Structure formats: C-alpha cells, structure tokens
Amino acid sequence: MNGLCELSSYIGPMRLKNPVMPASGTFGYGEEYEDYVDLNRLGAVIVKTITLKPRIGSHPHRSTEVPSGLLANIGLQNVGIKGFIDEKLPYFDDIDTSLIVSIGGESIEEYVNLGKILNGHKRVDALELNISCPNVESGGIHFGVDPKVTRNLVTCVRDITEKALIVKLTPMVTDIRIFAEICQQCGADAVSLINGLPGMAIDVKTRHSKLGRNIAGGLVGPAIKPFALYLVRQVCETVDIPVFGIGGISSTEDAMEFLIAGASAVEIGTWNFINPKITMEIIDGIEAYLLENNLHSISEVIGTLS
Ligand SMILES: Cc1cc2nc3c(=O)[nH]c(=O)nc-3n(C[C@H](O)[C@H](O)[C@H](O)COP(=O)(O)O)c2cc1C
0 MNGLCELSSY IGPMRLKNPV MPASGTFGYG EEYEDYVDLN RLGAVIVKTI
50 TLKPRIGSHP HRSTEVPSGL LANIGLQNVG IKGFIDEKLP YFDDIDTSLI
100 VSIGGESIEE YVNLGKILNG HKRVDALELN ISCPNVESGG IHFGVDPKVT
150 RNLVTCVRDI TEKALIVKLT PMVTDIRIFA EICQQCGADA VSLINGLPGM
200 AIDVKTRHSK LGRNIAGGLV GPAIKPFALY LVRQVCETVD IPVFGIGGIS
250 STEDAMEFLI AGASAVEIGT WNFINPKITM EIIDGIEAYL LENNLHSISE
300 VIGTLS
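Numbering of the sequence shown is given in numbering that gives the first Met the number 0, commencing with residue 0 and proceeding in unit increments.
Dropping the structure here:
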C-alpha cells in the first residue's frame, strides 16, 4: 500500500512498489539522482546497460535535440560487470526497492555469462535484457530483430537464472507482437517497450551530421510517445505477461495513458534530464488520480481502455 491506494505488484519473483521506474541509460547507476529522487520510493531502479567489459562508448557528438525529442548515440558506455559489482552495487545495500540490472552483449554467451555472474548477487532482483545490441555472430544485426535469435537468447538466459527476467523489445521490427509472444513462450516474466527509433539530423551549414561521426542515433522523448503507446497496446492485447510501457513519458497523464492501454508499469527515460524529479511527481500524480476517481488499486486502471 502507498498511502490509501494499492500501487504494488509482482513481476515473477520481484515486487514493484509502484508502477514507476526510470528507463535504463537515463538514470546512471541510481546514485547520480540521489539529490533529486528518494530512490526508496521508486517502483524499482533500472541501471544503465552493463556489458562484460567496460565500454568507453561513442565519439562526440553523442546527442542533439530535435523537435519534441532527442537523438542519442551513447554506444553503451558503462563500467563493465566487475566495475558495476565492485563500485556501484554496494550503494543499493541501503536502498529499499527492487533493483533491475539491464544487460547487453555481443553474443548469447556474453548475456549468459552476465546472467550467471549477477545470479550470485542477492541484491539484484531482475535482469532486463537489452536486445537492441549488435550480434557480432550475425554480422552486427541486432539480436532483437531476428525471431530465432531472440528465442535462443531468451531461452538461454531463462535457463540460467531464477531472477525476474524482463526483455526490452526494439520497435525496429515488422510485427512486435511476434517478439513479445516469443519472450512469453521462453519464460520471460515481462516485456518492456520501446527502445529508441533510429534517426538523423543534419547541420545544413556544415553538411555534417549533428551527431558527428556517429551519423545516426536513437530518437527518444515525446516525439515517439504515440508510436510507443500504439505498440504497447498491441503487445498487451497479445501476451498475458506484464508489459512495461516506455517512450516519451513526461507527465502523470502520459503514464496513465500507458497504464490504461494495458501496461502494468512504465519506465521514464529522457524526461529525467529535463526534470530529474519527474519519477516522484508521477508516483504522486498516479496516487492522486486514483483518489480523485475513488479507486483503491492501480489494477482498477490497467487495461481499461474503453
Ligand atoms: C542517453 C540515453 C541512453 C540510453 N541508454 C540505454 C541503455 O543503456 N540501455 C537501454 O536499454 N536503453 C537505453 N536508452 C533507451 C531508454 O531506456 C528508453 O528506452 C528510450 O529513451 C525511450 O524512452 P523515453 O522516450 O522516455 O526517453 C537510452 C536512452 C537515452 C536517451
């Protein structure tokens, strides 16, 4: 219970205090936000995608604003699994909410190794598989755009972990419902969607990409919200496992739209950069919505599109 309303739920073995989480890569390793956010109040914390080895990430320019959004090419900069466990994980000993670790790799073996290492750490409650990573064994094609590879990857990680398993889907497929169904069949506890859409912006004076040598990046922010909401609705109609809605959420109203469309929870990305307190404001806003509408539980809202 959060005040007068029931906001909590279970995702496999993991308890979500409420349906509001930061999206991977927009919230650092959690502690960066401690001056703005009471991390204990979040539904769960999701950290930046971790890879086996540390990565320095992309060249500058890594991001540029576009109408209603951001183009970002970070290149999975992260401290690597050893750095995460030694330097970042201990911070969560004093934090009382679930911890979701996003993992990425260049091969299925890398994801499996990361899963096995994280299994040994009780403080980690769930894995979020970032399948928008290039698969070196398939010539750099992203794992999440090939149904066979997605099936293989989710099956292999499911086999080695009893932690809650969330698969983060890419929108860059013809029919995202097929991928969500595969995740469900392979034992995922939830799917989250969407990751960014590819995009470009060009400086017409210099005729260079505004992302420099990176050329393109992921389009995120309010610009993608209607598309994300549409895909979330499609997936919610298709699978029975919980769905986390992501894409352009910047207000309580945006979050409510995803919940009404059927999402069990939401992840807030780019808007953390505009307003670092946005997750707290949305938690308060959802509670206020329930009270105003004389509802006692978030489950009375989820999937009620009429
Ligand atoms: C700067 C930046 C870094 C990101 N890094 C990651 C990442 O490491 N792993 C991941 O799964 N998604 C990453 N994302 C994607 C977000 O988690 C989210 O899916 C996307 O931004 C859409 O949500 P939004 O419109 O609320 O930002 C990143 C996004 C941004 C803007």
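Don't be surprised by glycine CBs; every beta carbon is placed ideally from N, CA and C.
The structure displayed is predicted, hence computed values, not measured ones.
| Item | Value |
| --- | --- |
| Please classify G56: is it buried, with 16 or more other beta-carbons within 10 angstroms of its beta-carbon, or exposed? | exposed |
| May I ask you to verify whether the segment 95-103 touches the segment 234-248, counting CB pairs closer than 8 Å and requiring at least 3? | no |
| Output the distance between the C-alpha atoms of A227 and S263, rounded to the nearest integer angstrom. | 15 Å |
| So who's on the other strand from S296, going by DSSP bridges? | E5 |
| According to DSSP, is D202 helix, strand or coil? | strand |
| For the 8 Å Cβ check, are there 3 or more pairs between the segment 186-198 and the segment 159-167? | yes |
| Should the segment 37-49 be called in touch with the segment 74-89, which here means at least 3 C-beta pairs below 8 Å? | yes |
| Please identify the residue among S305, H141, F26, E5 whose C-alpha is closest to the C-alpha of P197. | H141 |
| What first and last residue would you give for the beta strand (DSSP E) that runs through N118? | No beta strand (DSSP E) holds N118; the alpha helix (DSSP H) holding it covers 107-118. |
| If you run the structure through DSSP and keep just helix, strand and coil, what is T96? | coil |
| Alpha carbons only, please: which of E291, D158, E64, C185 is nearest the one belonging to F272? | E64 |
| Can you tell which of L6, L15, T25 has its C-alpha closest to the C-alpha of G217? | T25 |
| What's the call for V100, buried or exposed, on a 16-neighbour Cβ count within 10 Å? | buried |
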